[in-house]
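Notes follow the structure.
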Amino acid sequence: MSTILNFKSKKFWLILFFLIYSVFGWFAVPYIVKQQAINSLKDIAAWDTQIESVVFNPYALSLAVHGFQAKDEFQQDSVSFDRFYVNFSALGSLGGK
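So in our numbering the end of the sequence shown lands on 137, straight run, no missing numbers.
Set out below in structure tokens:
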């Protein structure tokens, strides 16, 4: 039997973790962020929110939101932007350690 398919092998678990982390980071996180943002703004502020796309890079720990538009109950633009980018790995420098 191949050493990669051996369930007791550290290599197997490392590859499996990498694959799950990658799939979750690239596909699940953007979907969850988009749905939570739309639902939360509707519940909290009664805003009709549209988001064109959300991209999360699990390796760089960065998040980009494209085409964000939130309208109030009178259909007036409350907040809108073309691109919002956050690099979470840079937040460690704020701790001063």
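Glycine is no exception: its CB is placed at the ideal position from the N, C-alpha and C atoms. Quick caveat: nothing in here was measured; it's all calculated off a predicted structure.
Three-state secondary structure (DSSP) of residue i
{"i": "lysine 48", "result": "coil"}
{"i": "methionine 41", "result": "Any reading at methionine 41 is ruled out, since the residue's pLDDT is 48, under 50, leaving its predicted position unreliable."}
Candidates the options, of which the one nearest residue i by Cα
{"i": "tyrosine 71", "options": "Phe96, Phe52 and Ala85", "result": "Phe96"}
{"i": "glutamine 75", "options": "Ser62, Ile91 and Pro98", "result": "Ile91"}
{"i": "aspartate 117", "options": "Val69, Thr89, Pro98 and Ile78", "result": "Thr89"}
{"i": "leucine 81", "options": "Phe128, Pro98, Asp112 and Ser93", "result": "Asp112"}
{"i": "serine 120", "options": "Phe52, Phe57 and Trp87", "result": "Trp87"}
{"i": "alanine 85", "options": "Gln115, Ser49 and Leu54", "result": "Gln115"}
Contact check, residue i vs residue j, beta carbons under 9 Å
{"i": "leucine 103", "j": "valine 73", "result": "yes"}
{"i": "phenylalanine 57", "j": "proline 98", "result": "no"}
Ranges of the alpha helix (DSSP H) found wholly within the region 61-136, counting only runs of at least 4: If we require 4 residues or more, the alpha helix (DSSP H) runs fully inside the region 61-136 come out as 69-85.
Given 8 Å, three or more beta-carbon pairs between the region 89-109 and the region 121-131: With the rule of 3 Cβ pairs closer than 8 Å, the region 89-109 counts as touching the region 121-131.
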